[in-house]
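Following: one structure in structure tokens, then a few remarks.
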């Protein structure tokens, strides 16, 4: 009979003085000092605190998670709350980057040739989700349309529950993870929306003044964005989608830099900027990669710039790529539709 390995269960989170506290006890076989790490709802859950603990469990990706996971998946989906939408007015904005020889931000900025040249672009009015699509919304969508939950996501959620005792309502407000481009596109279409174009995403992130970061010219700090983090067991270190007001864009959008990168509509065209039309560009006609924007919890500071571009194959499922949706406005003075309206087929119940 095969001996069972000893399971090291992490203690539950406890509410103390309005914040969640996770206490890691001293290990007799290590030098780790007993410590407690506060986690405020709407800020990053710093799971990296357990990375050095003796016996900390790795994220298991072999057998399927046990049946006990199913009620948690249903609970997370049941806690889904749709994001309000924000209207972005019609008009011109600056898209792309101006090449500079100096590094005014001290970030060892790695400008990418795909960001050049900076162009003056006109966009018709549109609306866009204020927040990234949440884990609760994504699971509710998969359940409602009878789509399978990605196995890696199932393993992640079970690991967070079984090892880190993370409550369902916290995970419900995390951004959607391990989402393919096709699923993101299907999610938005099911709600009468669509993925934003790359140009729409950039205008929503930087406004009309060509700012380098959503919040302005100052380099990123932990007060405005979730970035530059690492976990030895590859656990996503993300924040709630409706957090980090200090880092919002000129239009009030959250997490347009950091947390998770975001799928957009366009095919990634490495040399598309010089040739794109000046009005309502839609990106390359075809390609191998779909564009992703915004940097993530793993990104270096320079990759949080509003002009930074990247791409991934549409089938990619990543712990650092999520999405948000947009909607075309028929007339510039259209009102933004309440996302909890009863006509929404995928509204939270």
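Numbering (this note's numbering), first residue to last: 10 to 358.
The beta carbon of each residue, even a glycine, is placed where N, CA and C say it ideally should be.
Residue i - containing alpha helix (DSSP H), residue span
i: residue 168; result: 160-171
i: residue 198; result: 190-199
i: residue 153; result: 144-153
i: residue 321; result: No alpha helix (DSSP H) holds residue 321; the beta strand (DSSP E) holding it covers 318-321.
Status (buried if at least 16 other CB within 10 Å, exposed otherwise) for residue i
i: residue 295; result: exposed
i: residue 101; result: exposed
i: residue 61; result: Note that residue 61 has pLDDT 33, beneath the 50 cutoff, so the model's placement of it is unreliable and no number is given.
i: residue 226; result: exposed
i: residue 243; result: exposed
i: residue 201; result: exposed
i: residue 311; result: buried
i: residue 187; result: buried
i: residue 290; result: buried
i: residue 250; result: buried
i: residue 324; result: exposed
i: residue 233; result: buried
i: residue 194; result: buried
i: residue 53; result: Summary for residue 53: the model assigns pLDDT 43, below 50, so the residue's position carries little reliability; its value from the coordinates is reported in the next sentence. Looking at its Cβ environment, which holds 16 or more other Cβ atoms inside 10 Å, residue 53 is buried.
i: residue 336; result: buried
i: residue 206; result: buried
i: residue 315; result: buried
i: residue 171; result: buried
i: residue 275; result: buried
i: residue 211; result: buried
i: residue 261; result: exposed
i: residue 270; result: buried
i: residue 177; result: buried
Unbroken beta strand (DSSP E) run spanning residue i, endpoints
i: residue 213; result: Where residue 213 is concerned, there is no enclosing beta strand (DSSP E), although the alpha helix (DSSP H) it sits in stretches over 207-215.
i: residue 180; result: That residue, residue 180, is in no beta strand (DSSP E); its alpha helix (DSSP H) goes 177-180.
i: residue 125; result: Here residue 125 belongs to no beta strand (DSSP E), and DSSP marks it neither H nor E.
i: residue 104; result: 100-104
i: residue 96; result: 94-97
i: residue 301; result: 299-302
i: residue 331; result: 330-332
Proximity test, Cβ basis, 8 angstroms: residue i and chain B
i: residue 284; result: No chain B appears in this structure, which consists of one protein chain only.
Residue i versus residue j: straight-line alpha-carbon distance, rounded
i: residue 230; j: residue 183; result: 20 angstroms
i: residue 236; j: residue 304; result: 8 angstroms
i: residue 334; j: residue 140; result: 9 angstroms
i: residue 317; j: residue 179; result: 30 angstroms
i: residue 338; j: residue 175; result: 39 angstroms
i: residue 301; j: residue 73; result: 30 angstroms
i: residue 55; j: residue 238; result: Reliability fails at residue 55, whose pLDDT of 45 lies under 50, so the model's placement of it is uncertain and no value is given.
i: residue 161; j: residue 185; result: 13 angstroms
i: residue 313; j: residue 267; result: 6 angstroms
i: residue 263; j: residue 142; result: 11 angstroms
i: residue 128; j: residue 82; result: 45 angstroms
i: residue 106; j: residue 155; result: 43 angstroms
i: residue 121; j: residue 224; result: 21 angstroms
i: residue 307; j: residue 164; result: 20 angstroms
i: residue 123; j: residue 86; result: 38 angstroms
i: residue 240; j: residue 168; result: 14 angstroms
i: residue 256; j: residue 216; result: 14 angstroms
i: residue 145; j: residue 136; result: 22 angstroms
i: residue 96; j: residue 319; result: 25 angstroms
i: residue 98; j: residue 265; result: 18 angstroms
i: residue 281; j: residue 214; result: 20 angstroms
i: residue 283; j: residue 134; result: 23 angstroms
i: residue 273; j: residue 330; result: 11 angstroms
i: residue 88; j: residue 191; result: 24 angstroms
Residue i in three-state terms, based on DSSP
i: residue 87; result: helix
i: residue 385; result: The structure shown does not extend to residue 385, since the chain spans only 10 to 358, so no value can be given for it.
i: residue 310; result: helix
i: residue 76; result: coil
i: residue 339; result: coil
i: residue 11; result: Residue confidence is low: residue 11 scores 41 on pLDDT, short of 50, so the model does not pin down where it sits. Its coordinate-derived value is still stated next. Looking at residue 11 - three-state DSSP - the assignment turns out to be coil, as it is neither helix nor strand.
Where in the stretch 229-281 do unbroken runs of the beta strand (DSSP E), each at least 3 residues long, occur, reported from the N-terminal end onward? 270-276
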